[in-house]
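Numbered per my numbering, the sequence shown finishes at 625, counting up by one with no gaps. C-beta: ideal position from N, C-alpha, C; glycine also.
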Amino acid sequence: MDKFDILRKYFGYSGFREGQEPLIDSILRGQDVLGIMPTGAGKSICYQVPALLLPGITLVISPLISLMKDQVQSLNQAGIHAAYINSSLSESQISKALRLASAGQYKIIYVAPERLETYEFLRFAMQSEISMLTVDEAHCISQWGQDFRPSYLKIVQFVRQLGKRPVISAFTATATENVKEDIVCVLGLHSPHVLVTGFDRKNLYFAVETSRRKDDYVLGYINEHDAESGIIYCATRKNVEKVYDRLLTEGVAVTKYHAGLGGEERRKNQEDFIYDKCPVMVATNAFGMGIDKSNVRYVIHYNMPQSLENYYQEAGRAGRDGERAECILLYSPQDVMINRFLLENKELNGDYTPEENAAVAQRDEERLRTMTYYCMTPECLREYILRYFGENGAGVCGNCGNCLREYETSDVTDAAVKIITGIMEVRQRYGVNVVAGMLAGEKRAKLKEYGVSAYDSFGSLEGMQETEIKQVIHQMMVENLLVATGDKYALLRVTDRAEEVLSGKRRVVLKTAKNPSGQKGKSGREKKGSAARKSDILNSRGLELFEQLRELRSRIAREENVPPYIIFTDKTLVDMCVKVPFSRADMMKVSGVGENKFARYGNRFLSAIEEYTGGIREKFYFGD
Ligand code: ADP
Ligand code: ZN
């Protein structure tokens, strides 16, 4: 068998995706590799295929237990002998797994990095033939990454203790230069083949909405996307609870996840989501790493995250099956404040010197600013993201909120000058509300109390609404012309850069959507060209068949107690509706149906299709 046979037989795919083949070839030649590919690109295949061709065992180091279980279930479904060893197993289960492993029962074994240090495991590894060591989520080894795990540093020691050095393959979705260097260096890769594929996820639609009523937006969205699976990310536990309660009252099948819940509740909620019992998950960013649910159709950020790295990673959990999915960020200027507060209260890393901690704080601040710009930019959002990750896109993608929305830009430099003057006049002692109220000439009791009407700047922007003034202030904060103090008062301060505005060297421009957000309706953005959902190609009869196959899949999933997408992905079911297989040979041509999957489920799906069609092939899709 060669790599193509393996791909067809076990995974049911007809060809490799970008980057997979070269990495597999290098591994099989005995060269270390580092694969940097975005989520959903298909990193697993890069080590699972060679694992089956190498003589010995492949050890996969993976940071999260949930990920291991999912991967092992998938492999077992495909007919590959794999196991995981981690703290979710009892001592005796671990001993048993190691015994079976020593007896050559498994080709692939997933372990958490902590496991490498245990005597029992080390003894097993030294006595067995380990052909490859795969480090998944390899950015965890880097102190520059967001998820640094000290236990990843143990990997190197472990490798040294093995009699024969296995080939090492490492994979991550984090592309920054620091992280890349760290992985190569800290892991001690030998002249590795480093392969970086494009970071663009064409099937993802990106949009930023500046909706004031986020709860209503979320509810409306979920109602429009009934029966689809999605994640709502919130910045704080409190927001998670609030959004969760609202959705629950409205009858949405929703569950929640944050670090404040007990371990058992978290496990159960996560499982309800993965098994599609509750298709909607409201969570903090504690949720998601290693969640390999392929049919997540949307990721809504209720609050802006702290960095574009975080955002792209979290949003990237949508559409792993390659089908169209949406990533929507609900922005409000307040999010910047929340994040700044969270950053300022972040625990300092005790291992760092004060200088290092200061450098980290500065980097955090920069990341937050880049993230905030993303929410304000009128340019193509995809282009913005790709440029940040060091790639050049096409400039206009045609599949993001900005490419599909018309904007008006207005020059607000005059207002900006008055804002700066006003803040200086009150000697930088007030926050956004007081400053905006003063400039608008409002006569609120609170403002009277502060006595701001005595200043020359009182009413200097009389023609503008208070909210408009606030928009300009926020734009100025984004451009680092103004900053707010980090304490709870958030007093506005003028930065050195503001001088450029006062001296006329710099203009301040505000963009506003022509058609207000949240009311974009169904036209335009949805169902567009190549990015459309696969099931969109089905006609009404086809959709009916698709639903029947989905039901069959749910039934089997319940019987076998595995998540539905582990049996077949939606994409595979759609392909069945297109190809309408009547025989084993037909069925084997469907993408995602390998020999083992056919042996397990093929006949049940064939029967369902035959029953629906009465054995007469019709065309269930549009086009040709
Ligand atoms: P990653 O780990 O890079 O996020 P996965 O390994 O989970 O991505 O793969 C994402 C999805 O793509 C999975 O459903 C996987 O089965 C599918 N996939 C991977 N390689 C191929 C391929 N060559 N052809 C078709 N589908 C593939
Ligand atoms: Zn675009």
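As for any alpha helix (DSSP H) of minimum length 4 sitting wholly inside the segment 206-260, the runs are 215-225 and 238-250, ordered along the chain.
The set of residues whose C-beta lies within less than 5 Å of a heavy atom of the ligand ZN reads, in chain order, C381, R383, C398, C401 and C404. The shortest C-alpha to C-alpha distance from G31 to any of I62, V187 and S192 is the one to S192. The beta-carbon distance between I81 and L53, rounded to whole angstroms, is 7 Å. This is short enough to meet the 8 Å contact definition.
In the structure shown, the three-state DSSP call for T573 is helix. When rounded, the separation of the alpha-carbon atoms in Q314 and N77 is 27 Å.
With fewer than 16 other Cβ atoms inside 10 Å of its own Cβ, D3 counts as exposed. Between S89 and I62, the C-beta gap is not smaller than 8 Å, which leaves the two residues out of contact.
Beta-bridge pairing by DSSP links I62 to V112 and V136. Taking the Cβ of F17 as the reference point, at least one heavy atom of the ligand ADP falls within a distance shorter than 7 Å. The three-state reading of DSSP puts G394 in coil, since its state is none of H, G, I, E or B.
Taking the Cβ atoms as the reference, I95 lies roughly 10 Å from A102, outside the contact range of under 8 Å.
Taking C-beta atoms under 8 Å as the contact rule, V255 and V219 fail to qualify, at a distance of about 10 Å. Relative to the ligand ADP, the beta carbon of S45 is positioned inside 7 Å of a heavy atom. Q472 has its alpha-carbon roughly 13 Å from the corresponding atom of L462. For D412, the pairing in a beta bridge is given by DSSP as V510. T570 and E561 have their C-alpha atoms roughly 16 Å apart. Look at R30 here: in three-state DSSP terms it is helix.
The alpha-carbon separation between H226 and A558 amounts to approximately 23 Å. DSSP places I301 in no alpha helix (DSSP H) but in the uninterrupted beta strand (DSSP E) bounded by V297 to H302. For E548, same chain residues with a beta-carbon under 8 Å away, outside a window of 5 residues either side, do not exist.
Taken in chain order, the complete alpha helix (DSSP H) segments of 4 residues or longer contained in the segment 450-480 are 467-479. Taking a 10 Å sphere around the C-beta of D217, we find fewer than 16 other C-beta atoms and assign the residue as exposed. Judged by DSSP in its simplified three-state form, F583 adopts coil rather than helix or strand.
Under the three-state reduction of DSSP, I169 is assigned to strand. N393 and F288 have their C-alpha atoms roughly 30 Å apart. Secondary structure at R494: strand, using DSSP grouped into helix, strand and coil.
Put simply, the backbone Cα of K444 is about 18 Å away from that of I424.
Secondary structure of G41 (DSSP, three-state): coil.
Taking the Cα positions, F12 is about 28 Å away from E619.
In the structure shown, G543 adopts helical secondary structure according to DSSP, grouped into three states.
For I329, the secondary structure class from DSSP, reduced to helix, strand or coil, is strand.
Between the segment 535-545 and the segment 32-51 there are fewer than three C-beta pairs closer than 8 Å, too few to call the two in contact. DSSP lists R494 as the bridge partner or partners of V484. When secondary structure is reduced to three states using DSSP, C381 falls in the coil class, being assigned neither helix nor strand. Take the alpha-carbon of D277 and the one of R298: they are about 12 Å apart.
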